[in-house]
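Just below is one structure, and these are the notes that go with it.
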């Protein structure tokens, strides 16, 4: 009866090469199952549990969410404190040495020192990522998106990932994402050690959603934004109770961060630090907006969309280059160090060339850089630097943590920045950030985008104030905010959640409407040219990602054309040898097998009775749940749901299970382990219909049946993700083993 | 072949009596179909449409959402302006007359005047509701909840409802909800006249979601809260694009309101009025909170939960009384007038008895009431009233619009209110509001709840300040806010959306965490005693409302036990007479019929081929789409999708379609009109599994099949809504025709 699926006969050749074609879909990614396998064991357990026990389970869920919130908050605190101290340390080392060496050997020596320092710090982080935990690379958001979408990205929710990611983040001196979301997602795995009832994909995915929300919440002090991020990126089925739990985790997370940081900063109990990245309070009394400004905001959205598309296009070419030529870990480390050194050099040259000295005012400048003035009294090279009581604003922008620079751009009073400085800074930072994204370091794109946008937004505001002869409404800080939103929106193309995140991070509800307008415009304009950065990277990695809806023009396809066929079926009472052979067959890449009636005289197709997962079969074989063929009336060993849970999520490979020749002739009864009511679709169902069912219920396998309920095929995630709307209409991606 | 469903044989007796048992489920409500009938016509149309045309459709959706936003904003403006002017008028009339009559004939005359005035104003609104448009009663939120849940509440989304509701709202002098959400939902119907492509339940429900969100957004200046309200109450399947459109409508709506009201109030372009109900800005610099206060907030949540449960329990008994004894329209009008007169009397007596005179300060008091002091120089009855330069705070609380009173309670400086006044006011207003909810007037529970909560919250804050000897953190305004949240949360049991609404209405993100805590606590405590007010009323009306999940202990039920059986099936090529008979059979209450193979020698059950809706059959009969039995090879008349759309949503009854005796013998081929791939479940599927499929896809009919794909039953909304988790475990509601 078993059929070997035809499309999987491609041998596993060239295993190390990553597909360098975005029109491929990789078969290496497994899917998550958001649908419970409702077999007899499961139902028996659920029926045994009474109402009070269900309440206990529900309370446990809340406890886990609270723990996720607390742990996320603590991790975020740790990152914040380490990053802040490292930035201070770096500033002091560089400043001291510049002072010393400029006196002795000239500027070139200082430059060398700075570049080396930068490169060596990055090297440590890069080594960890390149050699130990590749999943810690980047901002983690694409990985989280994929996981919430239902794709199992190896290691993404493992505690190990967190352990490596945590220490590697602070090394990223250049554009530290600071996004704690990717860090918090592995936390549920830790909690699973304690609460074994929750060891299944459904629950795990819910908790990962909570972790992602808690991470965003802690990063920006945006609990509602966190929930919306989690929903926008992940959830397909909106469940009120789940949403409340996610919201609870978000709130706890920002509250924990707030409490701990308040204590750390010495003003205990006043809760003044809601998030890692705080945009500072925009006082809406002073800084409202008027209807006349709305076209200006929309224009900024257009600019953001175009710049974002440019950023993404450049990064696309760069990533293609990296995939082709820089896929060896040591090369990746070298590239990361190169970027760090170049960043330092560019920074140094720009500080050197810019003569943008500003009087020191207020407390917004933590690390003013005024070099050399103590030693050489404004002679020699020091005419480039600043006098006492002044600071070099370009140097400040380079030496601050980028988060602080963003806040400065938002809130420094008009006249704090020289337009030339801002222009140069935008230009340089744009290319450096573009080069940095995709390096093998744990650095994201969020903060750099905000910084670029804030810089050109402020420049725009200054120009506007100049053109309108200093109208009161042309506050450069406001335009810096809009520019930041436009640039970030143009790159990542988020709207609802980003609007709320910006609203919460600025503590200002009034700017909601213009921010939404800017983000919408940036998204529409950006989408016209090229995809969002995260989607682009997901696609470049050939992940079978399911979008929200099937391509609009896909009504012409039906399940019959989409499904994999023929599909390997098992009989309800099956020979152990057959099961082992099917599982050992590397060309059979499905993880679920329809179970059909074991009528011996059945024709080739037979009525569907259930669905059993590869992982379940493995557990059955491991526990030797079978009887001899001659003793079919003997009762086979009973398993408990616990046996399956204990093996979750890393089921042993079939090779590790020894089945003797005698045992191969035994029979295995799948009836009580298979899911007796798998979801099915008829062959005539259109692709959008199949898609909707699949997506709404978070399925992993969908059996296609004919009019007599006989199995004719199987639809999995890859079969649906293959169809995509390209420039010239519907296109079909090829499948690849790599 | 047609079977008469057994459970529908209850004759249509006692049609006027409303079931006065909450353990009933009414059969009179039809369901909405969120799933498109994917028949040949539909697929042909979809396949004809190319990518560009789909983009046009998408743009049209955005345009409709913008229009919904604009219209909602304008309706809200209209309400705001009328209510404000009426409140001013009422104040002036009462004040002038009290001055006049107190001088002449004593206070009893003034009282009579006020009571009569109040009663007659309410009478007008009540007459409209009781005799013309009953659906305009109440706040409209339960109706919207039901509609978004998928229950077709007659008239709720009809333009007529809006036309009657608009003028009736301003008459509610007592506790005007001001919630524009229920008003905006009929707007999509208007737009359907223009955009015929969208004439189907799916699209309509999406636009109603947008309308509901826009309404909340305009009411509270809370665009994000509006979106969350719409999602929390309605959506089951989260779709990113839909959410963005809803958000867009929300933003447009609050922006429109803001612009128009800014112009109306004379400060054009400054956008200072984001919502109808503005809680005033809480300055978070001055009014933070500390960790020590959190237990206090939780305690307030407990109080709110208990008071809310008490409110709901009282209202439950009252509603049962009303259902039994006050179901004639004229009685309803009398009751409404009685409530108005009693409200006036209570108010008058309390103003008379309270001696709470406060110095007039600031601009927060729009209608200070200082009665009689001009004429009688503080002698006689005037010792009860106030001196020059002072106002009676009780009178202010009664004469202001409740929205303004809430704002005053939040923002008046400490010492503005006498604790006695607040206590008395809370007590009286609690019972009056409870009596008012459920009257045949368009009045909601939102603002009265906030007002009650703000009053006791402020009282609590004053006591706390007294106990702690005036700590700086014991600001009564902050506690008024928390009290308002606790009371409202205790009554309506919303959490996420309400948190965000409160955050946006106060323009303050800092209070998010305590508000969430208060709302969560209030919900948990309240749920311990009794359901939320809206859910209670939905249940009292026997609406088949589907909650988020199936009852937790329902795994023991399977589709076989839940489904209706036997089910009326049609053959693929069916005799017209049979169709007419089935449709005319009043005992057959299903609106969808499985289509089975028309094999003449089939046994009683036969393989499922498709599903056809009652409405589709009606259109087919109306257009005489059939051929003579003797000429089966003739091609039957082709219909277009437009023919079905033109009949939407009010399909004619079967009685209005004349079918001659000859025509009865003709045959009708359903193949191209039926949905060939209806969703099915096997008999063994558990109730939670069936529920999940049904809820996630927004189905109306779900066919239950056996192993051979033969129809054995049908699951509809009523079959699922019947099972509920009661105090003693799973309970099953009975079905009733009324």
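Residue numbers (the UniProt record's numbering), protein chains in the order written: chain B, 1 to 738; chain E, 1 to 738.
The beta carbon of each residue, even a glycine, is placed where N, CA and C say it ideally should be.
Values in this document were obtained by computation on a predicted structure and should not be read as measured data.
Can you check which of these residues, the options, is closest to residue i by C-alpha distance?
i	options	result
residue 740 of chain B	B/456, B/477, B/513	Because chain B is modelled from 1 through 738, residue 740 of chain B falls outside the range shown and cannot be assessed.
residue 592 of chain B	B/713, B/74, B/625	B/713
residue 666 of chain B	B/625, B/672, B/693, B/657	B/625
residue 739 of chain E	E/56, E/412, E/24, E/708	The structure shown does not extend to residue 739 of chain E, since chain E is modelled only from 1 to 738, so the question has no answer here.
residue 575 of chain E	E/663, E/610, E/657	E/663
residue 746 of chain B	B/702, B/692, B/616	In the structure as shown, chain B starts at 1 and stops at 738, and residue 746 of chain B therefore has no counterpart that could be examined.
residue 568 of chain B	B/115, B/452, B/513, B/580	B/580
residue 329 of chain B	B/728, B/123, B/518, B/77	B/123
residue 621 of chain E	E/596, E/577, E/588	E/577
residue 674 of chain B	B/74, B/213, B/570, B/28	B/570
residue 585 of chain B	B/524, B/655, B/219	B/655
residue 689 of chain B	E/29, E/613, E/301, E/36	E/36
residue 566 of chain B	B/715, B/344, B/514, B/537	B/715
residue 707 of chain E	B/701, B/607, B/686, B/653	B/607
residue 583 of chain E	E/647, E/557, E/657, E/327	E/657
residue 648 of chain E	E/230, E/198, E/503	E/198
residue 710 of chain B	B/627, B/618, B/597, B/628	B/597
Buried or exposed for residue i, going by 16 or more other Cβ atoms inside 10 Å?
i	result
residue 734 of chain B	exposed
residue 131 of chain B	exposed
residue 661 of chain E	exposed
residue 507 of chain B	buried
residue 79 of chain B	buried
residue 466 of chain E	exposed
residue 468 of chain E	exposed
residue 220 of chain E	buried
residue 325 of chain B	exposed
Helix, strand or coil for residue i? Go by DSSP, reduced to three states.
i	result
residue 316 of chain B	helix
residue 675 of chain E	strand
residue 25 of chain E	strand
residue 716 of chain E	strand
residue 32 of chain B	coil
residue 724 of chain E	strand
residue 65 of chain B	helix
residue 665 of chain E	coil
residue 115 of chain E	helix
residue 182 of chain E	Confidence at residue 182 of chain E is low in this model, with a pLDDT of 48, below 50, so its placement is unreliable and the value that follows should be read with caution. It is helical.
residue 644 of chain E	helix
residue 769 of chain B	Outside the displayed range of chain B (1 to 738) lies residue 769 of chain B, so it cannot be described from this structure.
residue 704 of chain E	strand
residue 612 of chain B	strand
Next item on the list: Using a Cβ-Cβ cut-off of less than 7 Å, list which residues of the region 190-223 of chain B approach chain E; keep chain order.
Entry: Hits within the stretch, in order: 223.
Note to self: Going residue by residue through the region 296-349 of chain B, where are the continuous alpha helix (DSSP H) segments of at least 4 residues, counting only ones entirely within it?
What the structure shows: Fully contained in the region 296-349 of chain B is no alpha helix (DSSP H) run of length 4 or more.
Margin query: To test your reading of the DSSP string, which unbroken alpha helix (DSSP H) runs of 4 or more residues are found completely within the region 504-579 of chain E?
Written below: Secondary structure remark: continuous alpha helix (DSSP H) runs of at least 4 residues inside the region 504-579 of chain E, in chain order: 512-529, 533-540, 559-562.
Margin query: So if I threshold CB-CB distances at 8 Å, which residues from the region 287-313 of chain B count as touching chain E?
Written below: Residues are counted here when their Cβ sits less than 8 Å from a Cβ of chain E; for the region 287-313 of chain B these are 288, 289, 290, 291, 292, given in chain order.
Notebook entry, point to check: Taking any Cβ of chain B, which residues in the region 110-127 of chain E have a Cβ under 9 Å from it, in chain order?
Noted result: For the region 110-127 of chain E, the set of residues with a beta-carbon nearer than 9 Å to any beta-carbon of chain B is empty.
Notebook entry, point to check: What residues from the region 483-507 of chain E come within 8 Å of chain B, judged by C-beta to C-beta, listed N to C?
Noted result: For the region 483-507 of chain E, the residues whose beta carbon sits under 8 Å from a beta carbon of chain B are, in order, 495, 496, 499, 500, 503, 504, 507.
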